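What follows is a short report on a single structure.
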Amino acid sequence: MYQLVQFISRQRAFILFAFLEVLSLWLFYSYNNYPNAIFFNTSNYYAAKALGTSNSIREYSNLKGVNTELASENSRLNELIAKLQAQQLDKSIVNYKADSSVASRFKFVVAKVSNLTTTQFNNYITIDKGSADGLAPGMGVMSSTGVVGKIKSCSEHFSVVISILHSEYSVSAKLKSNNEIGSVKWKGVNPDVVEMTEVSRYKTVKIKDTVVTSDFNYVFPPNIIIGYVKKVGVKPDQTFHEIDVQLATNFHTLAYVYVINNKLLSEQKALEEKSGDVKAK
Amino acid sequence: MLTANSHKMTSKSLFSQVLIFVFYLLLQIFFVRQLVLFDYAFCFVYVASIILLPFEINKITLILLGFVAGITVDIFYNTVGANAAAMTLIAFLRPNVIDILTPQRGYDERQTLSLNSMGLSWFITYAASLIFIHHFVLFLLEASDWGLFLPVIAKVICSTIFTTTIVVIIQFFRRD
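The listed protein sequences derive, respectively, from chains A and B.
Residues 13 to 293 in this note's numbering are what the first sequence lists, from first letter to last.
Residues -13 to 162 in this note's numbering are what the second sequence lists, from first letter to last.
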């Protein structure tokens, strides 16, 4: 017993080191599995508050850019209204009328960015709205220029968003000109370019074509811009195109984002799960 | 009277040590967080909070401070555990690195752990080795994908050079 105590006391530095090292690695590897473990990230109230204050300085210097972006968004929205009104008038799709609750299933919440990174392998964004404003993990996030990411965890007044610049996050996408479906994922280094995969090499892909969110998407409404085709290539022995997509959103100056709340998401998922069960039987 | 005087000295230097430790953490969190050169060179200047602690610090305190500094930075970077693991490791290895780098004549009693006292070449070798270990562990943990091994190595090397340069430059502005 005495020898044991002596051993522990002699090796106490190593034991402490081993304990803290295992604790750190355990935190690191388990963190991704617990979306509500909010103490150790920037949705922690004090951390978010501190970063918000320091961010307000950066924000002030970006005001000019933000104004132009907002102005261009206004004009885009006006265009959209006009287009929708026109469609209503000519009723081009006969016999189809979207259920009113389906047509208005997306609700938007505006939030301000209080912290973001673009240069790590896995980037996150902290925003200043949380569960008190009806946000929940899994909701999509977009900016005035395009897709931004998906909510990972919420505290009462803050949320952490997995940015599209995250090595394990992909978005279902399509090419606007020919509706080819694929998925978009970040390659891990350049924060302005993502990669689109799963588009068959026998389809034509045009440079500068717009890449938008597809219709098979739980979190985003269809046709939200992701970016523009920059480079097309095919790896030998592969059946898919390798497409570099220039992101439409400039993550370096991101200031305001919209959180998309799909009000019918749980209904759709529950129905699909139920029908999946029937098929299995 | 002599003992009272020396006691006063230690509590004063303890206070300034705490200030330096906190200074590097604040510097990291509020100022150099967005500082990146060419997408590859990152600045983790807060590693200096452990590197610059005095020679005579006790090993247990060193490891605990390493963990605390790491986890604090993790909270602001959303990388829970990665910085903590890297910092705990270099805090544990620091005494060994100091042993390996012992000059032929041994360390002088009056020498303190600073650029002025130890000389440029000793200081850079010492700081760069610990910074390299820290960055290697940190970037490897974060990459979590062997396909990224080459970019990781490039990032580790560029960032080690960048961080070491900043740490050395700050040392030039110290008054002691």
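The beta carbon of each residue, even a glycine, is placed where N, CA and C say it ideally should be.
As the structure is a computational prediction, the values presented were derived from the model and not from experiment.
### Query
Can B:I46 and A:L259 be called in contact, C-beta distance under 7 angstroms?
no
### Query
How many angstroms separate the CA atom of A:Y181 from the CA atom of A:N262?
18 angstroms
### Query
What residues from chain A crowd round B:T74, counting only those whose CB sits closer than 8 angstroms?
F29, L32, E33, S36
### Query
Distance, Cα to Cα, B:L99 vs B:G105?
Distance between the alpha carbons of B:L99 and B:G105 is about 10 angstroms.
### Query
In chain order, what residues of the segment 112 to 129 of chain B put their CB closer than 7 angstroms to some CB of chain A?
Of all residues in the segment 112 to 129 of chain B, only L127, E128, A129 come within less than 7 angstroms of chain A when Cβ atoms are compared, listed by chain position.
### Query
For B:M73, which of B:Y112, B:V138, B:D60 has the nearest alpha-carbon?
B:D60
### Message
For A:P233 and A:S155, what's the separation of their Cα atoms in angstroms?
### Response
Roughly 13 angstroms separates the two Cα atoms.
### Query
Given that A:Y136 touches chain B, what residues does it touch there, using C-beta distances under 7 angstroms?
N64
### Query
Of the choices B:I139, B:C144, B:L13, B:I110, whose alpha-carbon is the least far from that of B:A55?
It is B:L13 whose Cα lies nearest to the Cα of B:A55.
### Message
Going by DSSP in three states, A:S21 sits in which element: helix, strand or coil?
### Response
helix
### Task
Could I get the ranges of all uninterrupted beta strand (DSSP E) runs contained in the segment 225 to 277 of chain A, with 3 residues as the minimum, in chain order?
237 to 246, 253 to 259, 268 to 274
### Task
Could you check the C-alpha separation between A:S126 and B:I15 for me, to the nearest Å?
14 angstroms
### Query
Helix or strand or just coil, what does DSSP make of B:S115?
helix
### Close-in-space but distant-in-sequence residues of the same chain around B:S103 (CB under 7 angstroms, 5 per side omitted)
Q97
### Query
What in chain B is Cβ-close to A:Q132, meaning under 8 angstroms?
Y63, T65, E128
### Task
With DSSP as the reference, label A:S124 as helix, strand or coil.
Sequence inspection shows Lys at residue 124 of chain A; the Ser mentioned does not correspond to that position. The answer is strand: DSSP assigns A:K124 an E or B state.
### Query
Are there 16 or more other CB atoms within 10 angstroms of the CB of B:R91, so buried, or fewer, so exposed?
exposed
### Query
Okay, do the segment 269 to 277 of chain A and the segment 148 to 168 of chain A touch, 3+ Cβ pairs below 8 angstroms being the bar?
yes
### Query
Where DSSP assigns a beta bridge to A:M208, which residues make up the other side?
A:V196, A:I255
### Message
Within 7 angstroms of any Cβ in chain B, is that where the Cβ of A:V201 sits?
### Response
yes
### Message
Mapping the DSSP letters down to three states, classify A:S182 as helix, strand or coil.
### Response
strand
#### Entry: Residue environment, A:K275, which counts as buried when at least 16 other CB atoms sit within 10 Å
Exposed.
### Query
Residue range of the beta strand (DSSP E) that A:G161 falls in?
159 to 166
#### Entry: B:T151 versus B:I117: straight-line alpha-carbon distance, rounded
11 angstroms
### Message
To the nearest angstrom, how far is the alpha carbon of B:F30 from that of A:G77?
### Response
For B:F30 and A:G77, the distance between alpha carbons rounds to 29 angstroms.
#### Entry: Under 8 angstroms from the C-beta of A:V172: neighbouring residues of chain B
N64
### Query
Bridge partners of A:M154, per DSSP?
A:V159, A:Y270
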